[in-house]
Amino acid sequence: MSQTYQMVTLKLRHNYFKNYVYIIIDNETRYGAIIDPAWELDEIEKIIAKYQIELKSILLTHAHYDHINLVNPLVDKYDADVYISAVESECFGFTCGNQIKISDNQRLQLGNTSIKCMLTPGHTIGSTCFLCEKHIFTGDTLFSEGCGLCTSYSGSAEKMYYSIQKIKKEIPGHIRVYPAHSYGLKPGHKLDYLKYNNVYLMIDDKKIFIDYRMRKNQKNLLDFY
16 MSQTYQMVTL
26 KLRHNYFKNY
36 VYIIIDNETR
46 YGAIIDPAWE
56 LDEIEKIIAK
66 YQIELKSILL
76 THAHYDHINL
86 VNPLVDKYDA
96 DVYISAVESE
106 CFGFTCGNQI
116 KISDNQRLQL
126 GNTSIKCMLT
136 PGHTIGSTCF
146 LCEKHIFTGD
156 TLFSEGCGLC
166 TSYSGSAEKM
176 YYSIQKIKKE
186 IPGHIRVYPA
196 HSYGLKPGHK
206 LDYLKYNNVY
216 LMIDDKKIFI
226 DYRMRKNQKN
236 LLDFY
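Residues 16 to 240 (my numbering) make up the sequence shown, in order.
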């Protein structure tokens with residue numbers, strides 16, 4: 016069966032921030048879902064116009080500012096629904112128009128395209144990954160080169176350990192991983208590749224994982240590519 020959707024990748028910038036923003040487009044209906052919209056509204060609007068997208072959904076992996084700062088303008092212009100995990104919304108006091116709170120394993124429908132919500136706490140208490148047929152959008156949970164920081168408000172290295180184990184267990188190896196940031200590797204590597212090239216996917220012991228994630232004097236944490 017052919018894939019029901021296409022995906023557009025945008026690399027958007029503000030000062031030292033570089034975020035990858037993704038738009039899922041259902042092939043038949045042209046309904047669109049944008050993941051973690053941030054920074055350059057004009058670039059997003061160009062893609063919406065170019066691909067003749069009817070923006071239906073905004074999917075938020077978590078509530079940090081560099082992942083949500085274009086939510087309100089997009090809701091105002093396109094009247095899209097905004098999906099965020101209930102625990103994340105409540106913890107951060109997140110508010111916006113058209114907000115819909117989601118839970119683990121909930122499925123969203125975008126035309127003929129099914130999107131699975133996968134709760135993966137660690138970077139924040141309610142971080143969520145979104146799984147389509149061939150792609151998983153991991154926000155700041157799993158990067159190609161590592162995993163998200165666990166030192167900010169509501170973060171937990173122990174929860175991150177369990178979330179990484181969950182991804183390893185539940186996500187097939189052929190699925191391509193699309194994080195919100197890059198430290199040098201282009202997004203879109205297969206999970207099977209990352210299992211042999213990402214140290215956090217290689218650590219099975221919880222204590223070793225936590226100690227390594229929380230080690231002191233880490234450098235270049237915001238050195239995005």
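Every residue gets a Cβ at the ideal spot worked out from N, C-alpha and C, and that includes glycine.
- request: Counting only runs of 4+ residues fully inside the stretch 26-92, write out the alpha helix (DSSP H) ranges in chain order.
  value: 56-65 and 80-83
task: Determine the closest residue to Glu148 out of Ile225, Val192, Leu27 and Ala101, with distance taken between C-alpha atoms.
output: Position 133 of the sequence shown, counted from the start, is the residue given in the question as residue 148. Ranking the options by Cα distance to Glu148, first place goes to Val192.
field: Exposure of Thr143, with buried meaning 16 or more beta-carbon neighbours within 10 Å
entry: If you number the sequence shown from 1, residue 143 lands on position 128. Result: buried.
message: Bridge partners for Val97 per DSSP, in chain order?
response: As a working note, residue 97 is residue 82 in the sequence shown. Val97 is bridged to Ile73 and Gln114.
query: With a cut-off of 8 Å, do at least 3 Cβ pairs link the stretch 29-44 to the stretch 159-167?
result: no
query: What's the C-alpha gap between Leu146 and Pro194?
result: Here residue 146 corresponds to residue number 131 of the sequence shown, with the count starting at 1. Here residue 194 corresponds to residue number 179 of the sequence shown, with the count starting at 1. Answer to the nearest angstrom: the Cα atoms are 12 Å apart.
Inter-residue CB distance, Ile50 and Thr76 (contact presumed, cutoff 8 Å): To locate residue 50, count along the sequence shown from 1; it is residue 35. To locate residue 76, count along the sequence shown from 1; it is residue 61. With a Cβ gap of about 7 Å, Ile50 and Thr76 count as contacting.
field: Ile223 in three-state terms, based on DSSP
entry: Here residue 223 is taken as the residue at index 208 of the sequence shown, counted from 1. Of the three classes helix, strand and coil, the one that applies to Ile223 here is helix, per DSSP.
- prompt: Using DSSP with H/G/I as helix, E/B as strand and the rest coil, what is Cys106?
  reply: On the sequence shown, residue 106 is found 91 positions in, with the first residue counted as 1. Cys106 falls in the helix class under three-state DSSP.
message: According to DSSP, is Ile182 part of a helix, a strand, or is it coil?
response: Numbered from its first residue, the sequence shown carries residue 182 at position 167. Ile182: helix per DSSP, three-state reduction.
Per-residue burial, Gly47 [other beta carbons within 10 Å of its own, 16 or more giving buried]: Reading the sequence shown from its first residue, position 32 is the one you call residue 47. Counting Cβ neighbours within 10 Å, Gly47 comes out buried, since at least 16 surround it.
query: Out of curiosity, what's the CA-to-CA distance linking Pro52 and Pro136?
result: If you number the sequence shown from 1, residue 52 lands on position 37. If you number the sequence shown from 1, residue 136 lands on position 121. Each residue's Cα considered, the two are about 20 Å apart.
query: Just how far apart, CA to CA, sit Ile115 and Val86?
result: Within the sequence shown, residue 115 is the residue found at index 100, counting from 1. Within the sequence shown, residue 86 is the residue found at index 71, counting from 1. Rounded to the nearest angstrom, the two C-alpha atoms are 13 Å apart.
CA nearest to the CA of Ile68, picked from Tyr80, Leu74 and Ile38: The count along the sequence shown starts at 1 and reaches residue 68 at position 53. Answer by Cα proximity: Ile38.
- request: Reducing DSSP to helix, strand and coil, say where Arg122 ends up.
  value: Counting from 1 along the sequence shown, the entry for residue 122 is found at position 107. In this structure, Arg122 counts as strand in the three-state DSSP scheme.
message: Could you tell me the alpha carbon to alpha carbon distance between Thr166 and Leu237, rounded to whole angstroms?
response: One-based indexing of the sequence shown puts residue 166 at position 151. One-based indexing of the sequence shown puts residue 237 at position 222. Each residue's alpha carbon lies about 14 Å from the other.
Minimum C-alpha distance to Arg45 - residue among Tyr20, Thr24 and Tyr176: Your numbering for residue 45 matches position 30 in the sequence shown. Minimum Cα distance to Arg45 is reached at Tyr20.
task: Write down the C-beta distance between Tyr35 and Pro202 rounded to the nearest angstrom, noting that I regard them as a contact closer than 8 Å.
output: Taking the sequence shown and counting its residues from 1, the one referred to as residue 35 is at position 20. Taking the sequence shown and counting its residues from 1, the one referred to as residue 202 is at position 187. Going by Cβ atoms, the distance from Tyr35 to Pro202 rounds to 6 Å, so yes, they are a contact pair.
query: On the three-state DSSP scale, how would you describe Tyr211?
result: Here residue 211 refers to the residue found at position 196 of the sequence shown. Note: Tyr211 maps to coil in three-state DSSP.
- prompt: Less than 8 Å separating the beta-carbons of His138 and Gly112?
  reply: Here residue 138 corresponds to residue number 123 of the sequence shown, with the count starting at 1. Here residue 112 corresponds to residue number 97 of the sequence shown, with the count starting at 1. Against a cut-off of 8 Å, the Cβ pair of Gly112 and His138 comes out as no contact.
- prompt: Quick one: what's got a C-beta closer than 6 Å to Lys210's C-beta in the same chain, skipping five residues either side?
  reply: Counting from one through the sequence shown, the residue named residue 210 turns up at place 195. The residues are Leu216.
message: Can you look up Lys205 in the DSSP assignment and give me helix, strand or coil?
response: Here residue 205 is taken as the residue at index 190 of the sequence shown, counted from 1. Reduced to three states, the DSSP call for Lys205 is strand.
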